[in-house]
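Here's the structure we're looking at; comments come further down.
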DNA sequence: TCTGGAGTC
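Numbering (full-length UniProt numbering), first residue to last: 1 to 699.
Dropping the structure here:
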């Protein structure tokens, strides 16, 4: 028996997926077509532009932008808003007299690909009339660029140099419904700028659900007379295909197993078409991939006519493996992509006809009491479920199998909580202060974060010396900290490193800590990888270990071959080199002396403490650790070089991840006396020699 | 003591 016995039972409610349009005109699909310039193609591009749903609304959009300070555009998937609206504005003269039309994106990859597309459509070379600006990559010309795509984080940076954003006539915030941290910061700041610059136009592109909230936020009309509104709304229909939704008849006890069963059932019962399954993390993805591979081998032994190609997809996967999901499979092969949330919005895979949705996602969560940011598996929102479903209808009609009952779907929250309300706010407040927002508690947040998170962040910034007693940014320390594209703790550590005499080493350590997964562990070579990684490990902990890895990488001429032999992430290390250069430039700007500890580890460790003293823990007789601040139980993360070694008495760490327990990541052994010496305002030495936090405990 | 989600300045 080739096909497995399946116990999964689905049913399909009568109604169709909400918000999915009936339109199905494949001839004018514009995504991903390679462009070769000749007059005929130019003509056909013009025709294609006119076929996009947004084209019908061109004059209306221009009228609204003319009449209102802010326009909310509800643009459904595939309507063409991102590529077309900036061009309409350009054609209507909004980029005359040296002004720029700016379009922000939450993600780098989106900013680049959309800029490419628009440059193609205009027959222009990227970086001239149409350009983009993201960290480490400025492909724009200050004199020639009229349409500029940029990440929303980059826009916030630009405000530091130009608080009124004078060069922009229009700013379009794309994908605003995603409510990323920087989109929300940009939104609050733009509202403030609009009060001073009546000529600045803001376009907010959002999904249906949030349009009203954005409208209320941006509408400055307080008269109650709708004729005096300063904000307008327009809806543009999308172009996607209907997707049939199926729910399980009863709740699923194990969605990993259920995913495997559902894939096999689709393969057995359904027509051709690729499958996309959503899971929460790397471990689950790899498990499903290996279970499916077993089944696929069994199938091919029994000579099933169609083969399965099973591909994992998550951000930690090496780049070359990620690219495999975009390769088109031959007609004899069914492609199964097993992905994390990366496939929900960030990437589009052609040919997907079936989606399997487990109803969960891993999200950032923040606890202001313990100051711990963690990753937690959370039920998705209805908006997220609809987004996942839509992935099956990008090219043709599809089917979505939800591994939950319709009743459970109804219980899901409508939207995901904005990141602003579940993040550590220390970096946000530092930047707002640097942008001249003195009273951050009264800042116009689209969704205000919890007050306790604010207070906790202000306390930390004060302890780091970035804010003074009155909550004002200190000069120069606080102002310089704000200029670093890093968390305030890292910024403090870097700015202090010259005084400790180890700026060369600290800038390397800070750069390495920005890269995830420097150590590569292939599932089938765990032992070999561990053996190679141990060669870099030092007893002091992860920071000095990473310093060793970086220096060895440079010593071996940044060789990719060498990285492969030692199970190191080559692309990640190259990125560390780039990050290091950027940080070095900033340190030069602030005249941080270039010096080296010349092999003395203690000065490096002390410098780390000067930034990370708030993240200190001591060993507990149970063998685990307790934070000094809140007496919270912590464990060393299994990825740390200190894991399984003799535990040091005192440690500092960069971050905590919460899975089955609270785990410290990037851990380094320190002396307790350093904590008192370097953070006397934070810790005091008790009579019997133990350390205590000065801060009164909030219970 | 047994494991990191997606992004970004």
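Note that beta-carbon positions come from the ideal geometry of N, C-alpha and C, so glycine has one too.
{"query": "The beta strand (DSSP E) enclosing residue 148, as first and last residue numbers", "result": "147-151"}
{"query": "Contacting residues, own chain, Cβ-Cβ under 6 Å from residue 591 (five flanking each side not counted)", "result": "none"}
{"query": "Cα-Cα separation, residue 89 to residue 121", "result": "15 Å"}
{"query": "Where residue 294 falls: helix, strand or coil (DSSP)", "result": "helix"}
{"query": "Exposure label - residue 646; buried when at least 16 CB within 10 Å", "result": "exposed"}
{"query": "Residue 22, buried or exposed, once every other Cβ within 10 Å from all chains shown has been counted against 16", "result": "Because residue 22 carries a pLDDT of 32, less than 50, the predicted location of this residue cannot be relied on, and the following value inherits that uncertainty. By the 10 Å Cβ count, residue 22 comes out exposed."}
{"query": "Environment of residue 554 [buried if 16+ CB atoms lie within 10 Å]", "result": "exposed"}
{"query": "Residues near residue 449 in its chain [Cβ-Cβ closer than 7 Å; skip 5 each side]", "result": "420, 421 and 425"}
{"query": "Same chain only: Cβ atoms within 8 Å of residue 25, ignoring 5 sequence neighbours per side", "result": "At residue 25 the pLDDT is 31, less than 50, meaning the model places this residue with poor confidence; the figure from the coordinates comes in the next sentence. Correct list, in chain order: 51 and 239."}
{"query": "Beta-ladder partner(s) of residue 233, from DSSP", "result": "72"}
{"query": "DSSP three-state assignment for residue 177, whether helix, strand or coil", "result": "helix"}
{"query": "Per-residue DSSP class, three states only, for residue 319", "result": "helix"}
{"query": "Complete alpha helix (DSSP H) runs within the stretch 215-266 (minimum length 4 residues, chain order)", "result": "none"}
{"query": "Residue 165 classed as buried or exposed, judged by whether at least 16 other C-beta atoms fall within 10 angstroms", "result": "buried"}
{"query": "Bounding residues of the beta strand (DSSP E) (the contiguous stretch that carries residue 663)", "result": "662-670"}
{"query": "Identity of the residue in 428, 532, 309 and 543 nearest residue 484 by Cα", "result": "428"}
{"query": "Three-state secondary structure (DSSP) of residue 500", "result": "helix"}
{"query": "For residue 172: DSSP bridge partner residues", "result": "103 and 203"}
{"query": "Top-ranked residue by Cα proximity to residue 544, from 597, 588, 579 and 252", "result": "597"}
{"query": "Coarse secondary structure for residue 197, derived from DSSP in three states", "result": "coil"}
{"query": "Coarse secondary structure for residue 400, derived from DSSP in three states", "result": "strand"}
{"query": "Residue environment, residue 386, which counts as buried when at least 16 other CB atoms sit within 10 Å", "result": "buried"}
{"query": "Simplified DSSP assignment, three categories, for residue 9", "result": "coil"}
{"query": "Whole-Å CB distance - residue 203 paired with residue 65, under 8 Å assumed", "result": "7 Å"}
{"query": "Within 8 Å, strictly: CB atoms of residue 211 and residue 74", "result": "yes"}
{"query": "Span separating the alpha-carbon of residue 636 from that of residue 271", "result": "49 Å"}
{"query": "Within 8 Å, strictly: CB atoms of residue 406 and residue 13", "result": "yes"}
{"query": "Beta bridge counterpart(s) of residue 650 as assigned by DSSP", "result": "618 and 670"}
{"query": "Distance CB(residue 79)-CB(residue 237) smaller than 8 Å", "result": "yes"}
{"query": "Meets three-Cβ-pair contact criterion under 8 Å: the stretch 345-360 and the stretch 286-298", "result": "no"}
{"query": "Backbone secondary structure at residue 519 - three-state DSSP", "result": "strand"}
{"query": "Start and end residues, alpha helix (DSSP H) containing residue 61", "result": "58-67"}
{"query": "Through-space distance from residue 511 to residue 670, alpha-carbon basis", "result": "21 Å"}
{"query": "Sequence-distant residues of the same chain with beta carbon closer than 6 Å to residue 560, five excluded per side", "result": "570"}
{"query": "Selected residue, minimal CA-CA separation from residue 439, among 460, 447, 472 and 461", "result": "472"}
{"query": "CB contact flag (residue 414, residue 209, <8 Å)", "result": "yes"}
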